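Report on one structure; see the data block that follows.
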Amino acid sequence: MAPSLVEDYITRPSNPLGRYYHKILEGERITREEAVEIYNSDDLLAIGILADTARITRTPADVRDYVYWVHNFHINPTNICEANCRFCSFKKGPKSPFAYVMSVDDVIEQVNNYPMKDSLSEFHIVSGLYEKQGLEYYRDLFVALKKNFPKVHLKGLTAVELDYIAKLEGMTVEEVLPILKEAGLGSLPGGGAEVFAERVRELVCVDKIPAQEWLRIHGLAHSMGMQSNATLLAGLGETPEERIDHVLAIREQQDKTGGFMTFIPLNCYYDNNAVDAANALTGVENLKNFAISRILLDNVPHIKSFWIHIGEKLSQVSLNFGVDDIDGTVVQEKIAHAAGTDTSQALTQSELVNMIRKAGKIPVERDTVYNIIRVYDEQLV
Ligand code: SF4
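Its first residue numbered 2, the sequence shown is counted upward by one per residue in the working numbering.
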C-alpha cells in the first residue's frame, strides 16, 4: 500500500488502532494494556501497518528495505536428553534405536562434507542435555571448530544447556561461560525460553530452568560482551496475554543489559510429542506474534521469522508485519522436522535471495552479529 493510503487507512476516525500509529511514529513506548488491545483486534491489516511503521521508524533510512539472512549450518551433537519437554519431538532416550551421539571428529567430518562450507559464516549449535557431553566436550568441540573453520562464528548452547553443563560440572554458569568463550563461543542462541508463564511451563517443561534464570543467564552473557537472541515458542496452550508478557520480559531485560540482537517468535508443531495439536497457531496468530513483538520491542533491533517453522510463503508475508530477518540457509535442520514441519531442510542462497526479492525487499547476507557480508543488488543472484 502507498504511504498515503496506509496513513488514510490507519488514521481514519473509525479505526480504534489509529492512535497507536501516532504513538509509534513519535517513538512512544506501547504499554501492556495497549498491546492486548492491538493483539485482540480483528483488523490484521492495521496491526501489520503498526508493526511495519515501528520497523521503519526505528530503522535507518538507508537500510529500511533490507531483509537479512545468514549462511549457517546447524549442529546438534546429540538427541539424547534428560529433560522431558512435552513439546519436544527431537529428544530420545539413551537406549532408543534412534538415539545418536556425535564425537568432535564426527561434527568436523559432517561440516567438511558440506560442499558450501567455505562460505559459511555461522554454526548454530544446540543439543540435548546429555551427561557425556559436558564442559570438556563443548570446549573441545569449539576449539576444533575454530581450528578447522576459523572464520565461522560459533553461536551455541541455550541458557538451558549452559545451566545443565554448569550443574553437571558442579560449577556456576558464571564459571562455565568464560571457559566456553575462551574456547571460541561467540554468542548464545535464543532457545529454551519457550513461554515464560509459570502456568504453561508447569504443564509442558517443568524440568527446565524458570524464566528468571533464563533471563539472568542472557544478562550474564551480555555483561561479558556476548550478544544473544531470544525466542517465544507459541502454540503450547498459552493465552495472548501470556505471549505479550513474554515479549515484555525480554524488553525489560534488554533495558537492563542490552545484548539481544533478534527476537524470534516460533510456533510449535505436534507430531511425535505430547502437546495437543488443538493449540496450533493459525497463520493470523503467527503474523500477530511477529507484529506485536516488533511493536513492543523498541529496544531489540531485529525480528526474525524462521522460515523452517512457518514456510516460505508466510515468511514473505511476515516481512510486512515487522520482520526483517528470515534466518538462513540452515543445513540439516532436525528439531522442527522431528515435530512435523513439512518445509524443506535447507534453502540455497539463490532460493533465499529470490524469496526476499519476490516480497519486494532487498536481500542482505549478514553474519551472526549483523555485519553485512553482501547486499544483493539486481545483478547478484
Ligand atoms: S526441548 Fe531440549 S531440553 Fe527439552 S527435551 Fe527437547 S532436547 Fe531436551
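No residue lacks a Cβ here, since even glycine has one placed at the ideal position from N, Cα and C. On a predicted model such as this, the values are computed, not experimentally measured, just so you know.
Name the residue from the options whose alpha carbon lies nearest to the alpha carbon of residue i.
i           : options            : result
residue 369 : 177, 228, 273      : 228
residue 1   : 249, 301, 288, 269 : Examination of residue 1 is not possible in this model, given that the chain is present from 2 through 382 alone.
residue 71  : 353, 177, 230      : 353
residue 247 : 224, 312, 298      : 298
residue 363 : 376, 372, 371      : 376
residue 253 : 11, 20, 31         : 31
residue 249 : 205, 119, 296      : 296
residue 193 : 233, 168, 172      : 233
residue 49  : 197, 79, 101, 289  : 289
residue 149 : 136, 329, 119      : 119
residue 22  : 240, 58, 33        : 58
residue 268 : 198, 262, 284      : 284
residue 112 : 12, 6, 126, 182    : 126
residue 303 : 319, 312, 315, 83  : 319
residue 175 : 147, 221, 134, 322 : 221
residue 350 : 366, 286, 360      : 366
residue 292 : 99, 169, 212, 264  : 264
residue 141 : 255, 37, 181       : 181
residue 105 : 133, 98, 99, 96    : 133
residue 110 : 206, 76, 100       : 76
residue 280 : 239, 99, 305, 107  : 239
residue 270 : 286, 245, 311      : 311
Please list the terminal residues of the continuous alpha helix (DSSP H) segment that includes residue i.
i           : result
residue 240 : Here residue 240 belongs to no alpha helix (DSSP H), and DSSP marks it neither H nor E.
residue 221 : 212 to 224
residue 25  : 19 to 26
residue 39  : 33 to 41
residue 53  : 45 to 58
residue 383 : Outside the displayed range of the chain (2 to 382) lies residue 383, so it cannot be described from this structure.
residue 118 : Neither: residue 118 is in no alpha helix (DSSP H) and is coded neither H nor E.
residue 278 : Neither: residue 278 is in no alpha helix (DSSP H) and is coded neither H nor E.
residue 359 : 350 to 359
residue 289 : 284 to 297
residue 202 : 199 to 205
Contact check, residue i vs residue j under 8 Å by CB: the rounded distance?
i           : j           : result
residue 121 : residue 74  : 5 Å
residue 374 : residue 68  : About 14 Å separates the two Cβ atoms, so there is no contact after all.
residue 209 : residue 217 : Wrong, their Cβ atoms sit about 14 Å apart, outside the cutoff.
residue 143 : residue 184 : 4 Å
residue 26  : residue 60  : Not really, about 13 Å apart at Cβ, beyond 8 Å.
residue 236 : residue 204 : Not quite, the Cβ-Cβ distance comes to about 13 Å (not below 8 Å), so this is no contact.
residue 177 : residue 136 : 6 Å
residue 139 : residue 82  : With 8 Å as the limit, residue 139 and residue 82 do not qualify as a contact, their Cβ atoms being about 15 Å apart.
residue 329 : residue 52  : With 8 Å as the limit, residue 329 and residue 52 do not qualify as a contact, their Cβ atoms being about 22 Å apart.
residue 224 : residue 258 : 6 Å
residue 241 : residue 37  : 7 Å
residue 79  : residue 28  : Not really, about 46 Å apart at Cβ, beyond 8 Å.
residue 206 : residue 214 : At roughly 13 Å, the Cβ-Cβ gap does not stay under 8 Å, so residue 206 and residue 214 are not in contact.
residue 160 : residue 219 : 6 Å
Where DSSP assigns a beta bridge to residue i, which residues make up the other side?
i           : result
residue 156 : 125, 188
residue 169 : BP columns for residue 169 are empty, so no partner.
residue 233 : 266
residue 102 : 79
residue 10  : Looking at the DSSP assignment, residue 10 forms no beta bridge with any residue, so it has no partner.
residue 70  : 366
residue 376 : 365
residue 1   : Look at the range of the chain in this structure, 2 to 382, and you will see that residue 1 is not part of it.
residue 111 : Paired residues: none, contrary to the question.
residue 254 : According to DSSP, residue 254 bridges with nothing at all.
residue 93  : 81
residue 228 : 188
Taking residue i as part of the beta strand (DSSP E), name the residues at either end of that continuous run.
i           : result
residue 326 : 326 to 329
residue 262 : 261 to 268
residue 140 : Not the beta strand (DSSP E): residue 140 falls in the alpha helix (DSSP H), residues 136 to 149.
Verify the contact flag: residue i, CB atom, against every heavy atom of the ligand FAD, threshold strictly below 8 Å.
i           : result
residue 157 : Ligands present in the displayed structure are limited to the ligand SF4, and the ligand FAD is not among them.
Within 8 Å, do at least three Cβ pairs link the region 78 to 90 to the region 274 to 286? yes
Should the region 11 to 25 be called in touch with the region 34 to 46, which here means at least 3 C-beta pairs below 8 Å? yes
Does the contact criterion of 3 or more C-beta pairs under 8 Å hold for the region 176 to 194 versus the region 146 to 158? yes
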